Amino acid sequence: MSVAETLDLIRSYYAAFNRGDAEGMLALLADDVVHEPSQGAPRKGKALFAEFLAHMNRCYAEQVLDPQVMANGDGSHASAEFMLDGRYLESDEGLPAAKGQTYHLRVGAFFEITDGKIGRVSNHYNLADWIKQVQAG
């Protein structure tokens with residue numbers, strides 16, 4: 001893929017995210033996608049990623065703000081940095097109780113591109129900051 005195509009792919013991924021369009025996000029992923037969350041074990045495959053998205057959409061309402069997307073010279077890898085505005089809707093296991101708290105986090109994401117699809121997505125954020133924000137309510 002060209003750099004421009006990779007950048008468009010990642011921007012499309014976040015546009016689908018902001019629309020709450022899980023099917024649109026899944027359409028951009030390789031069948032054997034590897035998802036590496038900031039916390040927890042990696043998961044492999046679209047089915048597990050779809051389960052993750054359903055869980056996230058139940059517990060959180062989030063919007064990606066002003067993603068800065070970059071790609072390497074051959075378009076095989078990309079990254080994004082953005083602010084994430086969210087609202088905590090339903091308590092998530094092992095985390096503070098949800099009461100509709102809002103939060104604002106800086107997030108970094110890294111991608112591998114395989115045959116025109118996202119083959120790996122790795123997200124990173126400061127969980128301690130998120131917990132502090134939701135506990136402050």
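Counting from 1, position 124 in the sequence shown corresponds to residue 124 in UniProt numbering; the numbering is continuous, with no gaps.
Glycine residues also receive a C-beta, built at the ideal position from the N, C-alpha and C atoms.
Values in this document were obtained by computation on a predicted structure and should not be read as measured data.
According to DSSP, simplified to helix, strand and coil, what is Q101? coil
Using 7 Å as the cut-off, classify the Cβ of A22 as near or not near the heavy atoms of the ligand SAM, replying yes or no. Questions concerning the ligand SAM fall outside what the structure shown contains, since it holds no ligand whatsoever.
Environment of residue 143 [buried if 16+ CB atoms lie within 10 Å]: Given that the chain is displayed from residue 1 to residue 137, the structure contains no residue 143 and the question cannot be resolved.
What alpha helix (DSSP H) runs, 4 residues minimum, are completely inside the UniProt domain "SnoaL-like" (10-118)? 22-27, 46-59
Residues bridged to V121 by DSSP? H35, F111
Measuring CB to CB, does A3 end up less than 8 Å from G75? For clarity, residue 3 is Val in the given sequence; the question names Ala instead. Yes, these two residues count as a Cβ contact at 8 Å.
Using the Cα positions of K132 and G108, report the straight-line distance between them to the nearest angstrom. 19 Å
Would you report the Cα separation of I118 and F49, rounded to the nearest angstrom? 12 Å
Compare the Cα-Cα distances from M56 to each of N18, P67, T114, L9 and report the closest residue. N18
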